[in-house]
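Contents: one structure, followed by commentary.
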Amino acid sequence: MPTSLPTSLRELADRHGLLVGAAYNPRAMDDDPLYGRVLAREFNCLVAENHMKFKYLQPRRGEFDFAAADRMLDFSDRHGMAVRGHTLVWHNSIPDWLRQANVSRREALDILRDHIFTVLDHFRGRVFAWDVVNEALGDTGDGFYRDTSWWHQTVGPEYIDHAFRWAHEADPEIQLFYNDYDVEWVELKCDRTRRLVESMQERGVPIHGVGFQYHTRAADAPSPEDVARRVGRFNELGLAVHFTELDIKIPSSPSANDLRQQAAAGRTAIEVALAADNCPAVVFWGFTDKYSWIPNFTKGAYDHALVFDREYRPKPVLNAMMEALQKR
Ligand code: XIL
0 MPTSLPTSLR ELADRHGLLV GAAYNPRAMD DDPLYGRVLA REFNCLVAEN HMKFKYLQPR
60 RGEFDFAAAD RMLDFSDRHG MAVRGHTLVW HNSIPDWLRQ ANVSRREALD ILRDHIFTVL
120 DHFRGRVFAW DVVNEALGDT GDGFYRDTSW WHQTVGPEYI DHAFRWAHEA DPEIQLFYND
180 YDVEWVELKC DRTRRLVESM QERGVPIHGV GFQYHTRAAD APSPEDVARR VGRFNELGLA
240 VHFTELDIKI PSSPSANDLR QQAAAGRTAI EVALAADNCP AVVFWGFTDK YSWIPNFTKG
300 AYDHALVFDR EYRPKPVLNA MMEALQKR
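So in numbering that gives the first Met the number 0, spot 313 of the sequence shown is number 312, and the numbers just go up one at a time.
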């Protein structure tokens with residue numbers, strides 16, 4: 000049985016109007032009764048880990064499959080949880096039919112427009128914010144954009160503006176986010192993200208916020224000052240920031256010091272969000288190490304990056320986050 004805490008993360012976050020979220024895994028929900036119980040008890044926000052991505056929603060051209068996403072929305076409705084949408088456009092979620100279709104630029108744009116309108120129409124009123132475009136920027140010195148992306152190669156960088164304009168047209172109520180990794184941590188990435196969204200604003204493209212993915216390693220997590228400053232750089236543009244995919248990597252068989260560093264990084268995220276004017280959401284990429292995506296990605300390493308362990312026992316990082324919420 001999970002050790003129960005005096006109160007929940009969710010209850011404390013609610014007092015501040017802060018969203019605390021987790022990425023949702025439908026298989027875990029089916030297989031494991033504790034999964035849904037802990038998720039609904041500790042979090043007030045959900046995001047689909049995979050099944051709102053392009054290749055899941057439109058597995059065949061013109062045929063949409065909303066079943067898994069709809070089941071998540073039933074769960075979020077039952078438990079009064081807000082839902083973030085993730086993601087309309089991502090280089091890593093191109094279905095095979097699209098990659099193989101050899102489409103022209105014009106046709107690619109038509110497919111994108113149709114996807115966005117169909118998806119936003121389906122989820123109307125149930126998803127409050129969407130990561131419209133995910134990871135469109137390059138990481139290194141050369142190449143402002145991720146120019147290996149299928150969208151970039153087929154359409155050119157204008158796919159970004161189009162996606163945001165169509166999303167706004169399809170549902171003007173939704174908050175539209177640009178989402179990327181390392182924005183909280185790497186100055187070059189933060190600069191580029193700021194340049195991108197500022198130039199979008201100059202072109203009159205609708206955008207409301209930036210997602211800092213915040214996949215981080217405890218040992219070199221960004222300092223509170225740096226994260227706060229980077230959040231502030233988007234506040235200057237009138238944009239919100241959501242921390243969208245937090246996980247805090249520590250070695251397998253963590254030492255007490257590893258757990259302390261993980262707790263410090265989690266506390267930083269909550270403290271920065273609470274102190275900022277423009278950061279109303281802190282979302283983890285999963286919540287129990289039992290279903291973390293990281294070991295798949297790192298060939299088994301860093302399997303302790305989330306706030307509950309495999310047996311749903313809270314880790315020091317959860318307590319640290321709760322303390323930070325209690326202090327203010
Ligand atoms: C990851 C999922 O967690 C995995 O299950 C999947 O195999 C690949 O995608 N950045 C993102 C997320 O924006 O969509 C990614 O999710 C993790 C990195």
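Ideal Cβ positions, reconstructed from N, Cα and C, are used throughout, including at glycine.
Would you say the beta carbon of residue i is closer than 7 Å to some non-hydrogen atom of the ligand XIL?
{"i": "E168", "result": "no"}
{"i": "W149", "result": "no"}
{"i": "H85", "result": "yes"}
{"i": "N277", "result": "no"}
{"i": "N256", "result": "no"}
{"i": "W96", "result": "no"}
{"i": "Y23", "result": "no"}
{"i": "Q212", "result": "yes"}
{"i": "W292", "result": "yes"}
{"i": "W284", "result": "yes"}
{"i": "Y180", "result": "yes"}
{"i": "N234", "result": "no"}
{"i": "E134", "result": "yes"}
{"i": "E48", "result": "yes"}
If we call anything under 8 Å between Cβ atoms a contact, is residue i one with residue j?
{"i": "H161", "j": "D130", "result": "no"}
{"i": "D288", "j": "D308", "result": "yes"}
{"i": "T297", "j": "A220", "result": "no"}
{"i": "L324", "j": "H15", "result": "yes"}
{"i": "A272", "j": "L17", "result": "yes"}
{"i": "T153", "j": "R104", "result": "yes"}
{"i": "W150", "j": "V230", "result": "no"}
{"i": "F242", "j": "V196", "result": "no"}
{"i": "P205", "j": "L175", "result": "yes"}
Cutting at 6 Å between CB atoms, please list the residues of its own chain near residue i, excluding the five before and the five after it.
{"i": "V82", "result": "L45, S75, V126"}
So is the beta-carbon of residue i under 7 Å away from any non-hydrogen atom of the ligand HEM?
{"i": "W184", "result": "In the structure shown, the ligand HEM is absent; the only ligands present are the ligand XIL."}
Please classify residue i: does DSSP put it in a helix, a strand, or coil?
{"i": "L18", "result": "strand"}
{"i": "E244", "result": "strand"}
{"i": "H114", "result": "helix"}
{"i": "A47", "result": "strand"}
{"i": "D130", "result": "strand"}
{"i": "L238", "result": "coil"}
{"i": "D179", "result": "strand"}
{"i": "P58", "result": "coil"}
{"i": "P221", "result": "coil"}
{"i": "T139", "result": "coil"}
{"i": "A81", "result": "strand"}
Excluding the 5 residues flanking residue i on each side, which residues of the same chain have their C-beta closer than 8 Å to its C-beta?
{"i": "N234", "result": "V240, A275, D276, N277"}
{"i": "R9", "result": "V19, R40, E41, F42, N43"}
{"i": "G140", "result": "L187"}
For the 8 Å Cβ check, are there 3 or more pairs between the region 246 to 260 and the region 226 to 235? no
If we count Cβ pairs, one from each stretch, closer than 8 Å, do we get three or more for the region 201 to 209 versus the region 114 to 126? no
For the region 63 to 78 against the region 159 to 177, are there 3 or more C-beta pairs whose distance is under 8 Å? no
Tell me whether the region 12 to 27 and the region 47 to 57 touch, counting them as touching only if at least three CB pairs, one residue from each stretch, are closer than 8 Å. yes
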